[in-house]
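Colleague: Take a look at the following structure, please.
Number of protein chains: 2
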Amino acid sequence: MPSEFDLIRRHFTRPAHHTTLSVGDDAALLAPRAGMQLAVSTDMLVAGTHFFADADPEALGWKTLAVNVSDLAAMGAEPRWAVLALSLPAADEAWIAAFARGFFACADAFGVDLAGGDTTRGPLNLCVTIFGEVPAGAAVTRGGARTGDDLWITGTPGHAALGLAHLRGEVALGADAARTCLAALHRPQPRVAFGQALRGIASAMLDVSDGLLGDLGHILECSGCGALIDVAALPLAALHACGADDALARRCLLSGGDDYELLFAAPPAQRERLAALAHGHGLPLSRIGTITASAGELVLRETDGREHPTAHAGYDHFA
Amino acid sequence: MPSEFDLIRRHFTRPAHHTTLSVGDDAALLAPRAGMQLAVSTDMLVAGTHFFADADPEALGWKTLAVNVSDLAAMGAEPRWAVLALSLPAADEAWIAAFARGFFACADAFGVDLAGGDTTRGPLNLCVTIFGEVPAGAAVTRGGARTGDDLWITGTPGHAALGLAHLRGEVALGADAARTCLAALHRPQPRVAFGQALRGIASAMLDVSDGLLGDLGHILECSGCGALIDVAALPLAALHACGADDALARRCLLSGGDDYELLFAAPPAQRERLAALAHGHGLPLSRIGTITASAGELVLRETDGREHPTAHAGYDHFA
């Protein structure tokens, strides 16, 4: 049986494009470009919590890196390097090879060098730390939203949650819809180019991983503001088209995570520029509400005009 | 019960000293200093593989960061930032508080800002990624050893393995010896200052985590050379003083890991400078052998002068 070192070397050694010293020493060496800040994020994915233990390893490889790439997109940063630590229950070469294929497909798609890693035996656990570059001072944080800003969401969020509901047997989707929703769940497409384009436009931004309302709560908290969501403006049509009824579509869009779309605030003066950007990127973009002055208060305006406050607690892994 | 977010905020929010944007956004923002390369390393520690599930959480917090700090020491880099991802079986606040105390004690000791992290539910798993700075071109890698170089080891390695043997009941140490050895096992002291002092002196270096012979194998492989170890020069006395017989002392020193001492090669012309450095740092330093031209060949010279080849396979988590 090949050793741990052999397996890792065989499947995780790729030519690095912009890394001074890559996998194989005590530490990797990177040289950030002049004038750049480094944006750093880490995410740990655990079997049974974030994915099924028998999940397709190639899709899992993609998603493990993609969720980290998305964190950088949400800062307006350019992904550059990642390190991967993984704990595996066995040295299953077929699994490792498929996982590596998916991981590197995502790395190649977004220009990420795998700069280092660690492999050990234990319950299946995947931890990526990713590094991107952003011009000093240009990063878009969660804390800059101002009263009167518009609230925007990219894409058609809710597909991933609908795919998960399908896998759980809570809904039976048609073949085409299932394919669309499972692709959103298993191979999310982080909005990297669009995130960078939002530098200087968005006042606050994050990527939706735990549900739109929950994640919006982080913007409200960091920015010290409230928000009004206009239900009529939510991009529910794509979920209806997949066969979700109104209640399910709404739940998937507002509370489902895992689509990794960008939720951001921007001054109304940016509307035309944003429309042009969205057109240029071929990306649906919905103006779903407004930032308000009522700190921490999240209000939904129903299609009949009725307004009511709603909760915005994020997903709590220990609740 | 406090939520995940509350627990993390309460115990892992500390003022950052040199981080532009710290815990709480999609990504942290760091600004490496001009002329510096970034050295990056990641290590995953798993309950049952790297430590006992009931290990003291404060000591575990120290060690989780210390083993990463040591990777930077082994490059001659200065530790600056770390991110911590952890998977916990339950939101046990006492455990988290103690772990955080140990983690930050180590962070404070070595000037590390905790810049970000991730917490999730799952089998106990601790993953740190650490970033240090090293002047461009000055990092000491594993690949620079040359025939004729001396081989050096810092400190008195083997104490950690002897402590582990004591915990496992394979040896019964006296109270003082047990204290010494368990301190080495639970609160390793990475050789950060000495590692930086070795820039421009050491030709190749690493920290011993999986056993001296096993890790030496990595230097031989990366440098394309061999080594002769002089058993008479090994710092076995400190282990004898703890009550280990000769066979156990030798096994702990040559095959035990977890002391995180620095193993390095340096040209003989550096002997005087190294003696002065070791004196200045109050650190034992032993010249234990020589780099040879026989690629991959590791030879032990016994105290009677007899020489024989030995294996240098590193620890394989899947063997």
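Protein chains in written order, with the working numbering: chain A, 1 to 319; chain B, 1001 to 1319.
The beta-carbon is built from N, C-alpha and C at its ideal position, and this holds for glycine as well.
What does C1127 (chain B) pair with, by DSSP beta-bridge criteria?
Modeller: Answer by DSSP bridge pairing, in chain order: B:M1044, B:A1085.
Colleague: Return the bridge partner residues of M36 (chain A) from the DSSP annotation.
Modeller: Paired residue(s): A:P135.
Colleague: Taking the alpha carbon of T1147 (chain B) as the reference point, which residue from B:T1154, B:L1198, B:E1297 has its own alpha carbon closest?
Modeller: Nearest C-alpha to T1147 (chain B): B:E1297.
Colleague: What residue from A:Q196, A:G217, A:T290 has the CA that sits closest to V69 (chain A)'s CA?
Modeller: It is A:Q196.
Colleague: Of all Cβ atoms in chain B, is any one closer than 8 Å to the Cβ of G224 (chain A)?
Modeller: Answer no: the Cβ-Cβ gap between G224 (chain A) and chain B never drops below 8 Å.
Colleague: May I ask you to report which of helix, strand or coil DSSP gives G1116 (chain B)?
Modeller: Of the three classes helix, strand and coil, the one that applies to G1116 (chain B) here is strand, per DSSP.
Colleague: Measuring only between beta-carbons, confirm whether T120 (chain A) sits less than 8 Å from chain B.
Modeller: It does: the Cβ of T120 (chain A) has a partner Cβ on chain B nearer than 8 Å.
Colleague: By Cβ distance, which residues of its chain are closer than 7 Å to V231 (chain A), with the 5 residues on each side in sequence left out?
Modeller: Contacts found: L300, R301, E302, T303.
Colleague: Tell me whether the beta-carbon of V134 (chain A) lies closer than 8 Å to the beta-carbon of Q37 (chain A).
Modeller: The answer is yes: Cβ separation under 8 Å.
Colleague: Among A:G200, A:L228, A:R191, which residue has its Cα nearest to the Cα of A278 (chain A)?
Modeller: Nearest option by C-alpha distance: A:R191.
Colleague: What does DSSP give as the partner residues of W152 (chain A) in its beta bridges?
Modeller: Answer is A:F264, A:R287.
Colleague: Quick check: what's the CA-CA separation for L212 (chain A) versus D26 (chain A)?
Modeller: Taking the straight line from one Cα to the other gives about 40 Å.
Colleague: For the beta strand (DSSP E) containing H1308 (chain B), list its first residue and its last residue.
Modeller: Element bounds for H1308 (chain B): 1307 to 1309.
Colleague: Quick one: Cα of P123 (chain A) to Cα of A47 (chain A), how far?
Modeller: P123 (chain A) and A47 (chain A): Cα-Cα distance of roughly 8 Å.
Colleague: Hey, does A1275 (chain B) have any beta-carbon neighbour from chain A nearer than 8 Å?
Modeller: Closer than 8 Å: no.
Colleague: Does the beta-carbon of G314 (chain A) have 16 or more other beta-carbons within 10 angstroms, so that it is buried, or is it exposed?
Modeller: Low confidence applies to G314 (chain A): its pLDDT is 47, below 50, so where it sits in the model is not reliable, and the reading given next is rough at best. Buried, since its Cβ has 16 or more Cβ neighbours within 10 Å.
Colleague: Would you mind working out which of B:L1086, B:G1217, B:T1019, B:S1087 sits nearest P1079 (chain B), comparing C-alpha positions?
Modeller: When only C-alpha atoms are compared, the closest one is B:T1019.
Colleague: Contact defined as beta carbons within less than 8 Å: I believe A1266 (chain B) pairs with S1203 (chain B). What is the distance between those atoms, to the nearest angstrom?
Modeller: Rounded, the Cβ-Cβ distance is 6 Å, consistent with contact.
Colleague: Compute the Euclidean distance between the alpha carbons of F1131 (chain B) and A1016 (chain B), then round it to the nearest angstrom.
Modeller: Going from the Cα of F1131 (chain B) to the Cα of A1016 (chain B) covers about 14 Å.
Colleague: Compute the Euclidean distance between the alpha carbons of T1290 (chain B) and G1155 (chain B), then round it to the nearest angstrom.
Modeller: Approximately 18 Å, taken between the alpha carbons.
Colleague: Just list the residues that DSSP pairs D1292 (chain B) with in beta bridges.
Modeller: The amino acid occupying residue 1292 (chain B) in the given sequence is Thr; Asp does not appear at that position. According to DSSP, T1292 (chain B) bridges with B:G1226.
Colleague: Buried or exposed: G1321 (chain B), going by 16 or more other Cβ atoms within 10 Å of its Cβ?
Modeller: Chain B is shown only over 1001 to 1319; residue 1321 (chain B) falls outside these bounds and no answer can be derived.
Colleague: Using a Cβ-Cβ cut-off of less than 9 Å, give me the residues of the segment 36 to 50 of chain A that come near chain B, in sequence order.
Modeller: Listed by position, the residues of the segment 36 to 50 of chain A near chain B (Cβ gap below 9 Å) are M36, Q37, L38, A39, V40, S41, T42, D43, M44, L45, V46, A47, G48, T49, H50.
Colleague: Grab the span of the beta strand (DSSP E) containing L234 (chain A) for me, first residue to last.
Modeller: Note, L234 (chain A): premise wrong, no beta strand (DSSP E); not H, not E.
Colleague: According to a CB-to-CB cut-off of less than 9 Å, which residues of the segment 1083 to 1104 of chain B neighbour chain A?
Modeller: Of all residues in the segment 1083 to 1104 of chain B, V1083, L1084, A1085, L1086, S1087, L1088, A1090, A1091 have a Cβ within less than 9 Å of some Cβ in chain A.
Colleague: I want to see whether chain A comes within less than 8 Å of H1317 (chain B), judged by CB atoms only; does it?
Modeller: In this prediction, H1317 (chain B) has a pLDDT of 45, which is less than 50 and means its spatial position is unreliable; nothing more can be read from the coordinates.
Colleague: Is the segment 85 to 93 of chain A touching the segment 152 to 167 of chain A in the sense that three or more CB pairs, one from each, lie closer than 8 Å?
Modeller: Because the criterion of three Cβ pairs below 8 Å is not met, the segment 152 to 167 of chain A and the segment 85 to 93 of chain A do not touch.
Colleague: Does the beta-carbon distance from G158 (chain A) to A94 (chain A) come in below 8 Å?
Modeller: Contact: no.
Colleague: R1187 (chain B) to F1052 (chain B), Cα distance in whole Å?
Modeller: One C-alpha to the other measures close to 15 Å.
Colleague: Determine which residues share a DSSP beta bridge with L1021 (chain B) and list them.
Modeller: Bridge partners of L1021 (chain B): B:L1029.
Colleague: Name the residue from B:D1043, B:L1164, B:V1208, B:A1105 whose alpha carbon lies nearest to the alpha carbon of L1126 (chain B).
Modeller: Comparing Cα-Cα distances from L1126 (chain B) to each of B:D1043, B:L1164, B:V1208, B:A1105, the minimum goes to B:D1043.
Colleague: Run through DSSP, which three-state label would L1300 (chain B) get?
Modeller: Strand.
Colleague: Can you check whether the C-beta of G256 (chain A) is within less than 8 Å of a C-beta belonging to chain B?
Modeller: So no, G256 (chain A) is outside the interface.
Colleague: Hey, T292 (chain A) and G226 (chain A) are a contact pair by Cβ (cut 8 Å); roughly how many whole angstroms apart?
Modeller: The pair is a contact, with the Cβ atoms about 4 Å apart (cut-off 8 Å).
Colleague: Check the Cβ of L30 (chain A) against every Cβ in chain B and list those closer than 7 Å, keeping chain order.
Modeller: Per Cβ cutoff of 7 Å: Q1037, L1038, V1040.
Colleague: Residues in its own chain within less than 7 Å of A1184 (chain B) by CB, not counting five upstream and five downstream?
Modeller: Only H1159, A1160, G1163, D1259 meet the Cβ criterion.
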